[in-house]
Structures are given as C-alpha cells and as structure tokens.
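Data first, discussion second: the structure below is written as structure tokens.
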Amino acid sequence: MNMKLMEIWVKAPILKGKDLLIVSECLKYVNKEIYRSISDGKVVLSVCPENDNPEIYGKIASIIRSSNPKSITVVTIDGSPHCFLVHAGVNEAAYILGRKVPRKHYVLRNGKELIEITPEAIRVARYLSLVDELVKRNKEILDKLKKYSLEYRFAEKYGDIMLK
Numbered sequence: 002m003n004m005k006l007m008e009i010w011v012k013a014p015i016l017k018g019k020d021l022l023i024v025s026e027c028l029k030y031v032n033k034e035i036y037r038s039i040s041d042g043k044v045v046l047s048v049c050p051e052n053d054n055p056e057i058y059g060k061i062a063s064i065i066r067s068s069n070p071k072s073i074t075v076v077t078i079d080g081s082p083h084c085f086l087v088h089a090g091v092n093e094a095a096y097i098l099g100r101k102v103p104r105k106h107y108v109l110r111n112g113k114e115l116i117e118i119t120p121e122a123i124r125v126a127r128y129l130s131l132v133d134e135l136v137k138r139n140k141e142i143l144d145k146l147k148k149y150s151l152e153y154r155f156a157e158k159y160g161d162i163m164l165k
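Okay, structure coming up:
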C-alpha cells in the first residue's frame, strides 16, 4: 500500500511499530522493478518535496514520535536537490526527538543503480563549505560527476567550471 507522507495521520494504526519506506513520488515511474523490490514488507510513504508541503521535517518527526516505527528506509533519486530534503528530514527528525531511529538511506543513480548512503554523507552535504573542501582535495570526483550530471556537462561545455 502506497500513501502520501503529507496526507497520512501520524498516529495511523498502519504506521505503528512498522518498517516504513519513504520514497520519492517519482521512483515508481523511474524504476518499477526497484520500487517493487524495496517496497516488499514495508509501509510505503511517498513524497515529493518539490510539490508537497516543505514541512516534511516536522511530519517525519511527528510520525516517529507518535507511531514509533521499527525502522525507516529512505529511497530517492540521486542528484535531485528536492529529494535531498527527504534524507535530511529523517536525520533531522531523529535529532529533534533526541533518539536513535534505525534507518537506511539509498539513492537511485541514473535510474538503475541503488546506492546506500550513510547518514554522515547527508550531514556533510548540508555544509557546502565542507563539500567544497572535499571537491578541491579530490578533483577526480568531477570526472565521476560528469557521467551523471547534465548540468555539469553543460557548465563544462560553456566554460562555467571553476576547478580544473
């Protein structure tokens, strides 16, 4: 069963003590097979921060507080600035509540490859000054970025690249 994160009651019986899967709304259209395989045995809550209420942080915290889920798995689209908010929202909810929440984070890279992401990577990503340090020390990461980012390839083509 797939429900929208922003439309479910935080105390809904279906959430209590369950394994929750919070997914990008578009995931089921990007890769149906992966969506089906990760959904098995979980209560699925879909969200699109681009279209939904930006208060997902509070909603996730309220669900954790009110329904005490067994675990939370987040799966979004890699490279989407909107989807990043879902990962950050789950980390922030655990912080706001002051408790450990069993969780896993994944991104779907290029619509095909499911990659597990650590909560630490999400924390670092919020601090662009730290990301900048990492990129400057590891310029080869830009070659990898070129494989996935149309925006980066555009910038490279039109001379809008600062690091070389």
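Residues 2 to 165 in our numbering are what the sequence shown lists, from first letter to last.
Ideal placement from N, C-alpha and C gives every residue a C-beta, glycine not left out.
In this text the structure is predicted, and so the values were computed from the model without any measurement.
Outcome for residue i when other beta-carbon atoms lying within 10 angstroms are tallied against a minimum of 16
i	result
Leu164	exposed
Thr119	exposed
Pro107	What sits at residue 107 in the sequence shown is Tyr, not Pro. Classification of Tyr107: buried, given that the 10 Å Cβ count is 16 or more.
Arg20	It should be noted that the sequence gives Asp, not Arg, for residue 20. With fewer than 16 other Cβ atoms within 10 Å, it is exposed.
Ala122	exposed
Lys43	buried
Glu64	Reading off the sequence, residue 64 comes out as Ile, not Glu. Buried, by the Cβ-count rule.
Leu131	exposed
Asp53	buried
Ile39	buried
Length of the line joining the Cα atoms of residue i and residue j
i	j	result
Leu115	Tyr30	15 Å
Thr74	Ile9	17 Å
Arg146	Tyr153	Note that residue 146 is Leu in the sequence shown here, rather than Arg. Cα to Cα, the separation comes out at about 7 Å.
Thr77	Leu28	7 Å
Ala62	Ala94	4 Å
Ile189	Asp41	The requested residue 189 is not part of the displayed model; the chain covers only 2 to 165.
Ala156	Ser150	10 Å
Leu6	Ala13	12 Å
Val11	Asp144	43 Å
Tyr160	Leu16	Looking at the sequence shown, residue 160 is not Tyr but Gly. Using only the alpha carbons, I get a separation of about 50 Å.
Asp79	Lys140	20 Å
Cβ shell of residue i (< 7 Å), same chain only, five flanking positions each side left out
i	result
Leu135	none
Asn3	Val45, Ser47
Lys113	Asn32
Arg66	Leu98
Range of the contiguous beta strand (DSSP E) that encloses residue i
i	result
Lys5	3-5
Asp79	From DSSP, Asp79 is part of no beta strand (DSSP E); its letter is neither H nor E.
Tyr107	104-110
Glu117	114-118
Ile142	Unbroken run through Ile142 is the alpha helix (DSSP H), 142-149; no beta strand (DSSP E).
Asp20	20-25
Leu46	44-48
Where the alpha helix (DSSP H) containing residue i begins and where it ends
i	result
Tyr36	33-40
Ser68	57-68
Leu135	129-138
Beta carbon proximity, residue i to chain C, threshold 8 Å
i	result
Pro50	Among the chains of the structure shown, chain C does not appear; only one protein chain is present.
Neighbourhood of residue i by C-beta distance below 8 Å, restricted to the same chain and skipping five residues each side
i	result
Val87	Ile23, Ser25, Val48, Pro50, Ile57, Val75, Thr77
Val91	Ile23, Ile61, Ile73, Val75, Val102, Arg104, His106
Ile142	Leu135, Val136
Residue i: CB within 7 Å of a non-hydrogen atom of the ligand GTP
i	result
Met4	As for the ligand GTP, it is missing from this structure, which has no ligand bound.
Contact set for residue i: own chain, Cβ-Cβ below 6 Å, skip 5 residues either direction
i	result
Tyr36	Leu28, Lys29
Are the segment 42-50 and the segment 123-130 touching, with three or more C-beta to C-beta distances below 8 Å?
-> Contact fails: fewer than three Cβ-Cβ distances are below 8 Å.
Report yes or no: do the segment 56-75 and the segment 89-105 share at least 3 C-beta pairs separated by less than 8 Å?
-> Remark: three or more beta-carbon pairs, one from each stretch, lie closer than 8 Å, so the segment 56-75 and the segment 89-105 are flagged as touching.
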